[in-house]
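To start, the structure itself, in C-alpha cells.
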Amino acid sequence: MTYKLDMTMMVTVHDALRREAERIARITARTGDDPRRLLGAAVGWEMFKTYLRVHHTTEDDMLWPVMERALAGQTDELALLAAMEAEHALIDPLLESFDAAIADPDTGHERLGDLADSLTTVLGGHLRHEEREALAVIDLSVTEEQWRTFGQEHSRRIGADASRYLPWVLDSAGEERTALILGRMPDHIRAAYRDEWRAAYDASKIWEPSGRR
Ligand SMILES: [Fe+2]
Numbered sequence: 019m020t021y022k023l024d025m026t027m028m029v030t031v032h033d034a035l036r037r038e039a040e041r042i043a044r045i046t047a048r049t050g051d052d053p054r055r056l057l058g059a060a061v062g063w064e065m066f067k068t069y070l071r072v073h074h075t076t077e078d079d080m081l082w083p084v085m086e087r088a089l090a091g092q093t094d095e096l097a098l099l100a101a102m103e104a105e106h107a108l109i110d111p112l113l114e115s116f117d118a119a120i121a122d123p124d125t126g127h128e129r130l131g132d133l134a135d136s137l138t139t140v141l142g143g144h145l146r147h148e149e150r151e152a153l154a155v156i157d158l159s160v161t162e163e164q165w166r167t168f169g170q171e172h173s174r175r176i177g178a179d180a181s182r183y184l185p186w187v188l189d190s191a192g193e194e195r196t197a198l199i200l201g202r203m204p205d206h207i208r209a210a211y212r213d214e215w216r217a218a219y220d221a222s223k224i225w226e227p228s229g230r231r
C-alpha cells in the first residue's frame, strides 16, 4: 500500500509496541522468577506504558478530531474513527490491571499471564485494524500540514525523553527504516543518537530488573 503521507514513523511505533508486548508476554511466562518483580522493577515497563499512552492520546487529541471534521457525513469512515477511539479506551484499563497485579502479593502472579494474553490480543488487534483500515482514511482526509503537526505534537509529548525514546522506537526497525528515519532528523539529534543515545539504551537493558532508571 502506498500513501501520499509518510507513514514510516507510524508503523515503526506500532512495530515497537508489538515488540514490547511480546517481550512482556515472555516475561510473564517465565517460571524461574516472579514476573511481578521482573516487570515491576524493569524500566521497560514504565517506558512501554508511557510511549503507548503518548501515541494513543496524541492520536485521540490531534488526529481523530481533525479527521472527524474532514469526514463529516461519511458514515463508514466516522464509524471507523469511533472504533479507533473505543479500542484505545480498552487499553488503559488493561495497563492499570497490570499494575494492580504487579502490586498484589497474593494472586497478582496468576493474573499476569492472562493479562499479557489480553494485551497481545487487544493491542495487536487494534494496531492491525488501524494499519489495515485507518491509515488509508488518514491518508485521504489529513493534509500534509496536519500530519506534520501531529508528528510534532507526538515529539513534544515525548519531550526530553527523546534520548531513550528514539533508540527504543528503532530497536527492531531494521537498517533501511532506521536510516530513513534518522535521515530526516536534525543533525544534532542524529549525532546524539549515534554517539550517545544508542549505546546508553543498549547498556541500560530496559527489561532487566537492574536496568538503570
Ligand atoms: Fe497509531
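Counting with my numbering, you get residues 19 to 231 for the letters of the sequence shown.
Ideal Cβ placement from N, Cα and C applies to all residues, glycine included.
| query | Roughly how many whole angstroms lie between the Cα atoms of D189 and L35? | reply | By 1-based counting over the sequence shown, the position of residue 189 is 171. By 1-based counting over the sequence shown, the position of residue 35 is 17. Going by the C-alpha atoms only, they are around 11 Å apart.
| For the stretch 36 to 51 against the stretch 127 to 140, are there 3 or more C-beta pairs whose distance is under 8 Å? | Touching, yes, given that three or more Cβ pairs across the two stretches are closer than 8 Å.
| Using a Cβ-Cβ cut-off of 6 Å (strictly less than) and excluding sequence neighbours within five positions of R216, which residues of its own chain qualify? | Mapped onto the sequence shown, residue 216 falls at position 198. Contacts found: P185.
| field | Bounding residues of the alpha helix (DSSP H) (the contiguous stretch that carries A43) | value | For this step, residue 43 is matched to residue 25 along the sequence shown. Counting along the chain, the alpha helix (DSSP H) containing A43 begins and ends at 26 to 46.
| request: Have a look at M28, V29, G62, G91 and flag the residue whose alpha-carbon is nearest the alpha-carbon of E226. | output: Translated into positions along the sequence shown, residue 226 becomes position 208. The option with the nearest alpha carbon to E226 is G62.
| Whose CA, out of T20, V29, L89, lies closest to the CA of G192? | The residue labelled residue 192 in the question sits at position 174 within the sequence shown. For the residues T20, V29, L89, the minimum Cα distance to G192 belongs to V29.
| message | Which complete alpha helix (DSSP H) runs does the stretch 40 to 107 hold, if anything under 4 residues is left out? | response | Listed in chain order, the complete alpha helix (DSSP H) runs (minimum 4 residues) inside the stretch 40 to 107 are 53 to 58, 61 to 76, 82 to 88.
| request: Take F116 as the anchor and find which of F66, E194, F168 has the nearest alpha-carbon. | output: Looking up residue 116 in the sequence shown gives position 98. Of F66, E194, F168, the residue nearest in Cα terms is F66.
| task | Measure the alpha-carbon distance for F168 versus D124 and round it to whole angstroms. | result | The residue labelled residue 168 in the question sits at position 150 within the sequence shown. The residue labelled residue 124 in the question sits at position 106 within the sequence shown. Whole-angstrom Cα-Cα distance: 43 Å.
| query | For A119, does the count of other Cβ atoms within 10 angstroms reach 16, so buried, or fall short, so exposed? | reply | The sequence position of residue 119 within the sequence shown is 101, counting from 1. By the Cβ-count criterion, A119 is buried, with 16 or more other Cβ atoms from all chains shown falling within 10 Å of its own Cβ.
| field | 7 Å CB neighbourhood of L265 in its chain, flanking five on each side removed | value | Residue coverage of the chain in this structure runs from 19 to 231, which leaves residue 265 outside it and unanswerable.
| said: For A88 and M80, I'd like the C-alpha separation in whole angstroms. | reply: On the sequence shown, position 70 is the one that residue 88 refers to. On the sequence shown, position 62 is the one that residue 80 refers to. Rounded to whole angstroms, A88 to M80 spans 13 Å at the Cα level.
| task | Ignore the nearest five residues each way along the sequence and tell me which others in R231's own chain have a CB closer than 6 Å to its CB. | result | Position 213 of the sequence shown, counted from the start, is the residue given in the question as residue 231. Note that R231 has pLDDT 48, beneath the 50 cutoff, so the model's placement of it is unreliable and the number below is only indicative. Excluding residues within five positions, the ones whose Cβ falls inside 6 Å are V61.
| Can you give the Cα-Cα distance for A180 and G91, rounded to whole angstroms? | The residue given as residue 180 occupies position 162 in the sequence shown. The residue given as residue 91 occupies position 73 in the sequence shown. It is roughly 39 Å from the alpha-carbon of A180 to the alpha-carbon of G91.
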